[in-house]
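Working notes, structure below.
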Amino acid sequence: MSLSILDISVILIYICGLVGLGFYISKKASKDLQSYFLGGNQMKWYYLGLSNASGMFDTSGTMWTVSILFIYGLKSAWIPWLWPVWNQVFIFVYLAVWMRRSGVMTGAQWITFRFGDGKGAKLSHIIIVTFAVISVIGFIAYFFEGIGKYCTSILPWDLSTDIAGYHLTSERAYALIVCLLTTLYTVKGGMYSVVATEVLQFFIMTIACFSIGYIAYTSVSAEQIRAVIPPGWSDLSFGWNLNLDWTNTPVPNVNDKIDSDGFGMFGLLFMMMLFKGIFASIAGPVPSYDMQRILAARTPSEAAKMSFSTILVMYIPRYLMVASFAVLGLVYLGPEMGKMGGNIDFEKVLPLTINSFVPSGLKGLILAGFLSAFMGTFAAFVNAAPAYIVNDIYKKYINPHAPNKTYIRLSVLSSTLLVLVGIVFGFNASSLTKLTLWLTSALYGGYVAANVLKWVWWRFTGNGYFWGMLFGLIASTAKLFFFPEIVDIYVFPVILFFSLAGCIIGTFIEPLPNREAVKEFYRKTRPWGFWGPIKREVMLEDPSFVPNKDFSRDASNILAGIVWQMAQVVIPIYFMIRENTQMVIWSAVLIITSVWLKKFWWDKLKEADAE
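The numbering used here puts the sequence shown at residues -9 to 601.
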């Protein structure tokens, strides 16, 4: 990529400023573990929300989103439901409130709050700590590889060298520099440094999004877009089959990409996404930086507002940028990409478009923003995992009465060690790819069933949680090694079944232990679900206790929230491709759902803190 002196200067100044801000803020973190990992529960919800939104500007995710919009058109708005992206809606509607009421520091500590401290609870505690730590190591390795490739694609210097007989490539040299710089300000400043740098990054990226939107809107006409897209590309609706044929366009090889993705039977894919999405969303956030921000909020209502603001501030700017890069790529890069034949890499749409259409200075700002997005997400993971090591292992089992300085020093040490282990994985990515996939995919595959039941079923035990996670892990691992060619989402029901079987077996091999702990969880969290016997006992002991009767309201707010979120995805796309009627319709939908959420969700949040 060609960069001017101005672009390079902007990148270097921005990165130096980001690191400097992290160090400047760091003095607030040294008070105790609560300050180091959760900012002392003193940070305002909108700062946490901006920080959370900033992490979603990651470069790899943006490149992928641009590529699927290029290929699938408006139907690409449904594809992120694979994760699902609307789990944030479940979180802001009710899960953030339930989780923050616990007053704990980590997801593993929350498990003890839910199940008590018996044998089964300890097993479930151990498996969630293992899940959190191994996941972070895998993601650090992933970011190490990604940062190196990104830096070599935008920076002009060759840093390759030989050290003690080992050839250090330029990619790995850049990755080492960026990872170590990010680790320095993260371990020094903890949650304060992470949030401060990500808030700065968010504002920079938002400016970049609207700047790119202006460039694309003034450079491409509606006629030019219609001339290069196949029929149905601008339709959000779909049938059983995708029915998107690129044969008579400048890029007929897009058809091969659709076939390789396995998304041709789009109706079946949608049903599976919906099935998986509901269960995955009720399960709640995995023990990562998203959960950490929920636990860092000052009150339950602010935890909910934080998750709400993540969607509110992020989707329209981000999808304006995505749509801008996609239409510029379609109109101006389509013929060139069509000549690549079977070797076309659709994820190159983003860097090719930046190089071709973004002016000097702004190009440096965008590239620096994407680089800092890597750094911000990396920093969030580095800050999240040590809490499990220090708080959930060392403090809980080894030295519960150590001074705060000891805990902080151990946090710094454990962060550094985790980064070093992740970097070792990154250096050996070619030989450890299968193992890394097993560590991440298998653990995540076994997560859903146990983490749904923990919220909604009174009889569910720590033993059931452990065996449910383990059965899901085994099923996911078997899929990974014996059926790697099958798209993961199509075997999700099978993995869910095995995990659910483990949950049931583990739960009923013993009577309900820690009944008092379960009652305390129910009394404090106030979940809805299947809590009959526990609810009756709590109400008998405390006649003033009012059980949660908000299931219907929460369900309707979730439906409204999913539509509200989808409106923010499609409005900037319709705007960019000049489908003005659809843009107006969806703008009206956005207003209506916003009014609904204001009346039936936001205005009710004060009750969350009063309970």
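Backbone N, C-alpha and C define an ideal beta-carbon position, used for all residues, glycine too.
Here the structure is a predicted model, which is why all the values come from computation and not from measurement.
First and last residue of the uninterrupted beta strand (DSSP E) at L152: By one-based count along the sequence shown, residue 152 stands at place 162. With the sequence shown as reference, residue 152 is identified as Asp, and Leu is not the correct amino acid for it. Annotation for D152: the continuous beta strand (DSSP E) segment containing it runs 151 to 153.
8 Å CB neighbourhood of G257 in its chain, flanking five on each side removed: Your numbering for residue 257 matches position 267 in the sequence shown. Excluding positions up to five away in sequence, the list reads F228, G229, W230, N231.
Extent of the continuous alpha helix (DSSP H) run through L355: Counting from one through the sequence shown, the residue named residue 355 turns up at place 365. From DSSP, the alpha helix (DSSP H) with L355 extends over 352 to 374.
Meets three-Cβ-pair contact criterion under 8 Å: the segment 143 to 151 and the segment 170 to 190: In the pairwise beta carbon analysis, the segment 143 to 151 is classified as not touching the segment 170 to 190: fewer than three pairs are separated by under 8 Å.
C6 classed as buried or exposed, judged by whether at least 16 other C-beta atoms fall within 10 angstroms: Sequence index remark: in the sequence shown, residue 6 carries index 16 (1-based). The residue is exposed, with fewer than 16 neighbouring Cβ atoms inside 10 Å.
Beta-carbon gap between F47 and A363 smaller than 9 Å: Position 57 of the sequence shown, counted from the first residue, corresponds to residue 47. Position 373 of the sequence shown, counted from the first residue, corresponds to residue 363. Cβ distance < 9 Å, so F47 and A363 count as in contact.
H157, enclosing beta strand (DSSP E) - first and last residue: Here residue 157 corresponds to residue number 167 of the sequence shown, with the count starting at 1. Counting along the chain, the beta strand (DSSP E) containing H157 begins and ends at 156 to 158.
DSSP bridge partner residues for W447 (one or two, in chain order): Translated into the one-based positions of the sequence shown, residue 447 becomes position 457. DSSP output for W447 lists F520 as bridge partner(s).
Anticipated Cβ contact below 8 Å, G452 with G110, distance rounded: Here residue 452 refers to the residue found at position 462 of the sequence shown. Here residue 110 refers to the residue found at position 120 of the sequence shown. Contact holds; Cβ gap of about 3 Å.
Whether R90 touches T406 by CB criterion (9 Å): Walking along the sequence shown from the start, residue 90 turns up at place 100. Walking along the sequence shown from the start, residue 406 turns up at place 416. No, the pair does not count as a contact, with Cβ atoms beyond the cut-off.
Which listed residue (T571, V585, R526) has its alpha carbon closest to that of W554: Within the sequence shown, numbered from 1, the residue matching residue 554 stands at position 564. Closest in alpha carbon position to W554, among T571, V585, R526, is V585.
Where T515 falls: helix, strand or coil (DSSP): Position 525 of the sequence shown, counted from the start, is the residue given in the question as residue 515. T515: helix per DSSP, three-state reduction.
beta-carbon Q282 near the ligand PLP non-hydrogen atom, thresh 8 Å: Only the bare structure without any ligand can be found here, which leaves the ligand PLP out of the picture.
Span separating the alpha-carbon of A186 from that of D246: For the purposes of this step, residue 186 is identified with residue 196 of the sequence shown, where counting begins at 1. For the purposes of this step, residue 246 is identified with residue 256 of the sequence shown, where counting begins at 1. One C-alpha to the other measures close to 44 Å.
Host alpha helix (DSSP H) of V9 (start-end): On the sequence shown, residue 9 is found 19 positions in, with the first residue counted as 1. Residues -5 to 15.
DSSP state of R568 mapped onto helix, strand, coil: Within the sequence shown, residue 568 is the residue found at index 578, counting from 1. Secondary structure of R568 (DSSP, three-state): coil.
Pair within 9 Å by beta-carbon distance, Y4 and G354: For the purposes of this step, residue 4 is taken as the residue at position 14 of the sequence shown. For the purposes of this step, residue 354 is taken as the residue at position 364 of the sequence shown. When the beta-carbon positions are compared, Y4 and G354 come within less than 9 Å of each other.
Between the CA atoms of L302 and F80 - distance to the nearest angstrom: Counting from one through the sequence shown, the residue named residue 80 turns up at place 90. Counting from one through the sequence shown, the residue named residue 302 turns up at place 312. Their backbone Cα atoms lie some 14 Å apart in a straight line.
Three-state secondary structure assigned by DSSP to W68: Taking the first residue of the sequence shown as 1, we reach residue 68 at position 78. In this structure, DSSP gives W68 a state outside helix and strand, which the three-state scheme calls coil.
For I69 and F103, the rounded distance between their alpha carbons: The residue given as residue 103 occupies position 113 in the sequence shown. The residue given as residue 69 occupies position 79 in the sequence shown. Inter-residue distance for F103 and I69 is about 36 Å (C-alpha atoms, whole angstroms).
Which listed residue (V189, M281, S209) has its alpha carbon closest to that of S92: Taking the sequence shown and counting its residues from 1, the one referred to as residue 92 is at position 102. Of the listed residues, the one whose Cα sits closest to S92 is M281.
Helix, strand or coil at L234 according to DSSP, with G and I counted as helix: Here residue 234 refers to the residue found at position 244 of the sequence shown. Here L234 sits in coil by DSSP.
Proximal residues to A270 (C-beta, below 7 Å), its chain only, five neighbours per side dropped: The sequence position of residue 270 within the sequence shown is 280, counting from 1. Correct list, in chain order: P74, N77, V438.
M33 vs S314 beta-carbon contact at 9 Å: Taking the sequence shown and counting its residues from 1, one reaches residue 33 at position 43. Taking the sequence shown and counting its residues from 1, one reaches residue 314 at position 324. In this structure, M33 sits away from S314, with a CB-CB distance that is not shorter than 9 Å.
Residue from I575, F193, I413 with nearest C-alpha to Y164: Counted from its first residue, the sequence shown places residue 164 at position 174. From the listed residues I575, F193, I413, the smallest Cα separation to Y164 is found for I413.
The segment 197 to 205 / the segment 295 to 312 touching (three or more Cβ pairs under 8 Å): With a cut-off of 8 Å, the segment 295 to 312 and the segment 197 to 205 count as touching, because enough Cβ pairs lie within range.
Three-way DSSP call (helix, strand, coil) for M46 in this model: One-based indexing of the sequence shown puts residue 46 at position 56. DSSP places M46 in coil when its eight states are reduced to three.
Exposed unless 16 or more other CB atoms sit within 10 angstroms - verdict on T52: Locating residue 52 in the sequence shown gives position 62, where the first residue counts as 1. Residue environment: T52 is assigned as buried (16 or more neighbouring CB atoms within 10 Å of its CB, all protein chains considered).
Q32 in three-state terms, based on DSSP: Start at 1 with the first residue of the sequence shown, and residue 32 comes out as number 42. Assignment of Q32 by DSSP, reduced to helix, strand and coil, places it in the coil class.
Bounding residues of the alpha helix (DSSP H) (the contiguous stretch that carries F336): Position 346 of the sequence shown, counted from the first residue, corresponds to residue 336. Looking at the DSSP string, F336 is not in any alpha helix (DSSP H), and its letter there is neither H nor E.
Proximal residues to Y512 (C-beta, below 8 Å), its chain only, five neighbours per side dropped: Along the sequence shown, read from residue 1 onward, the residue named residue 512 stands at position 522. Within the same chain, and ignoring the five residues on either side of Y512 in sequence, the residues whose Cβ sits closer than 8 Å to its Cβ are W448, W521, I524, K525, V528.
Element boundaries [alpha helix (DSSP H), containing A212]: Within the sequence shown, numbered from 1, the residue matching residue 212 stands at position 222. Unbroken alpha helix (DSSP H) run through A212: 212 to 218.
Where L422 sits in the DSSP three-state scheme: Here residue 422 is taken as the residue at index 432 of the sequence shown, counted from 1. Residue confidence is low: L422 scores 45 on pLDDT, short of 50, so the model does not pin down where it sits. Its coordinate-derived value is still stated next. In the three-state DSSP reduction, L422 falls in the helix class (H, G or I).
Selection from A392, K588, W223, I383 that minimises the alpha carbon distance to N547: Here residue 547 corresponds to residue number 557 of the sequence shown, with the count starting at 1. The shortest Cα separation from N547 among A392, K588, W223, I383 belongs to K588.
Residues near V168 by beta carbon distance below 6 Å, same chain, minus five either side: If you number the sequence shown from 1, residue 168 lands on position 178. Closer than 6 Å at the Cβ level, and outside the excluded window around V168, lie I137.
Where R283 falls, given that 16 or more other Cβ within 10 Å makes a residue buried: By one-based count along the sequence shown, residue 283 stands at place 293. Buried is the call here.
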